[in-house]
DNA sequence: CCTTAGCACTCCTAAGCGCCGAGTGCTAAC
DNA sequence: GTTAGCACTCGGCGCTTAGGAGTGCTAAGG
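Structure (structure tokens):
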């Protein structure tokens, strides 16, 4: 069921107009639009067709049309084309990484989410890089005082995790050093995922033969790894949804904001949409999770040295400026990849 | 201008009732309250007096009374007495620190803010411990690879900061070790505040005589200290204000939520209220900052080993259950002090 | 003299009603 | 196939009205 050229033009006009105004679009408005050149009556007939085909919907009998979910989908897939950024947008995005090379990965991520939300005026979210997918580089234990030490764990993609542990008092610095070197040697190059309990147990057994004292350090290593199993999700511009006319009611606002507070859920949502694809657009019920089926989620994966690390996206009402937002997101991811990559 | 016993009882009844219902309180309602035993007509006369004296206000002629800011103040200062916690509240609070001794200070703080907001159903905020007020314990530099190293800075109150720096390639491990030991020796016991640029310059000059290579490391030390000048503010339960009838309008919600996004402002507000006092209650215009003059802010300082580190508080509409919330806050701070203290 | 019952009055709120205008679908003419 | 014309629909807005909660005042009672 292909759409005629004319229907495409009309659908395009309706969607574009509705994105701008957030109001239902009437036949007269479409007739006045550029490149149409038809009377409102003709448009009305075409719009009635488009409604029957499921691309448009009518809030009530005597109102104009708004795009249905299917309408938005068609617009995104076939009609909108590539967006262009303004010079200011370009600037805001490129400025965010000025002098970023020095920074740690989490700061870069946190910064990116801010830029994205302030440029797009939407709520943006980034799944922090997945710690457990990155590879072990080295581990150190710094003695803090007689009883405590600081474990520092560093991965190749730039993660630095630290944790205070209690040290066995019978452990001499030399012995501690020995254990740490042993561990570094054994774990180097493994992804954090691969550092499983069974591997740890094996190492532990191995070491026990020589020194029977590091029990607690191991328990803590294990714990600290488990804790990090789930990546953090960074949010930006959560209050931006308040400016969207779609969220006029306190109830809806509450619903969305509560959603934003559930980090593990956001993580799930982002992870489901993590693919190699350029940019993923999920409109309304295309989203698996119920609570966002009135929203559109646009995501893209970002990479370090061509390995996918996490995804970044924006969430907002199904009525949004897809063309422009996709362009912004694409540009940001490009920049982000370049900033994060070390080679 | 002292209030008669009877007026106090009536004021108490009005405030207590309004806190519960969020509605203006009529004379009949007060007459029915426990321990009053007067007719509504008498109450009406007394309430008219209380209004004239400024303790009560009337939204409009034919409505009941609501407490004015002055009324709340009187209630807090003289009427409410000490609150009691339910067993569940006690449990929630004491559970939050289970097994916390191990954790880093920032995690404990982040946890406390969560508990506070979920127990009180208000928005809670904690000013993270002030890094620059704590004393230098030690600094280490871990080589990461040929070009980069990780600076780890540890303070006595349990802060751990790290930062990746680029290392001068001409620097041998032995030399690096020497520099670090020197710095540790010189800086030990100083508060971070005292590590000023001039001190750093002095040290730098001192070292230059021996090795002229660590320029960049110093720049970075300075930078990383400056960055941390301002403590972080942790927020919890920001969406709780949505459940308050005072924030029915999207406009007000927006106002509050935008406020919550301005971390430096929150910091200022919390810092202004940082005193030795038990608990500080700021009602409405008692707050210096305009944007929260329709709110009440209740704060208390928390300490490590009797030294004030920061403050924790809750913010909400002026109509709130002062008695109970103050009790909860007091209890939480007690717990927090105990968890953080090392002796 | 303080307290209380009674009553007129105020003013907010919600519901009902009619008007207006935007927009539609249909029909008939071009 | 396109378009002008027209009757029709329906939501939104402003107006009016009824109801009710609560007040302040007055006058009677302990």
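Chains as they are written, first to last, in the working numbering: chain A, 87 to 429; chain B, 87 to 429.
Quick reminder that beta carbons are idealized off the backbone N, C-alpha and C, glycines included.
Query                                                                                                            : Result
As assigned by DSSP and simplified to three states, the class of residue 212 (chain A)                           : strand
Residue-chain proximity (residue 340 (chain A), chain B), Cβ-Cβ < 8 Å                                            : yes
Where residue 275 (chain A) sits in the DSSP three-state scheme                                                  : coil
Cutoff 8 Å; reference residue 95 (chain B); Cβ partners in own chain excluding five residues on either side      : 121, 122
Through-space distance from residue 236 (chain B) to residue 340 (chain B), alpha-carbon basis                   : 41 Å
Partners in chain A for residue 238 (chain B), counting only beta-carbon separations shorter than 8 Å            : 228, 236, 238, 248
Residue 274 (chain A) burial status per 10 Å Cβ neighbour count (16 or more: buried)                             : exposed
Supposed close pair residue 322 (chain B), residue 200 (chain B) - CB separation, criterion 8 Å                  : 5 Å
Minimum Cβ-Cβ distance from residue 347 (chain B) to chain A less than 8 Å                                       : yes
Three-state secondary structure (DSSP) of residue 171 (chain B)                                                  : coil
Interfacial residues, the segment 314-333 of chain A to chain B, with Cβ spacing under 7 Å                       : 325, 328
Interface residues of chain A facing residue 190 (chain B) [CB-CB closer than 7 Å]                               : 250
Bridge partner(s) assigned by DSSP for residue 366 (chain B)                                                     : B:385
Check whether residue 278 (chain B) and residue 218 (chain B) have beta carbons under 8 Å apart                  : yes
Cα-Cα separation, residue 192 (chain A) to residue 154 (chain A)                                                 : 38 Å
Interface flag, residue 267 (chain A) vs chain B, CB-CB below 8 Å                                                : no
Residue-chain proximity (residue 199 (chain B), chain A), Cβ-Cβ < 8 Å                                            : no
Same chain, Cβ closer than 7 Å to residue 326 (chain B), five either side skipped, listed in chain order         : 203, 207, 208, 209
From B:376, B:423, B:131, residue whose alpha carbon lies closest to that of residue 508 (chain B)               : Since the first residue shown for chain B is 87 and the last is 429, residue 508 (chain B) is missing from the structure and cannot be characterised.
Expected contact under 8 Å - CB spacing of residue 367 (chain B) and residue 390 (chain B) to nearest Å          : Actually they do not touch by this definition, with Cβ atoms about 24 Å apart.
Given residue 344 (chain B) as reference, the closest of B:149, B:270, B:141, B:378 once Cα atoms are compared   : B:378
Proximity below 8 Å, CB of residue 151 (chain A) to CB of residue 100 (chain A)                                  : yes
Coil, strand or helix - residue 248 (chain B) by DSSP                                                            : strand
Cβ contact (3+ pairs, closer than 8 Å) linking the segment 403-420 of chain B and the segment 156-175 of chain B : yes
Below-8 Å beta-carbon distance, residue 336 (chain A) vs any chain B residue                                     : yes
Residues bridged to residue 320 (chain B) (per DSSP)                                                             : B:212
Chain-ordered neighbours of residue 344 (chain A) on chain B, where CB pairs are closer than 9 Å                 : 325, 328
DSSP three-state assignment for residue 361 (chain A), whether helix, strand or coil                             : coil
Residue range of the unbroken beta strand (DSSP E) whose run includes residue 222 (chain A)                      : 222-229
Whole-Å CB distance - residue 369 (chain A) paired with residue 158 (chain A), under 8 Å assumed                 : 5 Å
Start-to-end residues for the alpha helix (DSSP H) that takes in residue 424 (chain A)                           : 408-426
Residue 318 (chain B) versus residue 354 (chain B): straight-line alpha-carbon distance, rounded                 : 11 Å
8 Å contact criterion, which residue 332 (chain B) and residue 215 (chain B) should meet: CB distance rounded    : Rounded, the Cβ-Cβ distance is 32 Å, inconsistent with contact.
Residue 166 (chain B) versus residue 328 (chain B) - alpha carbon distance                                       : 26 Å
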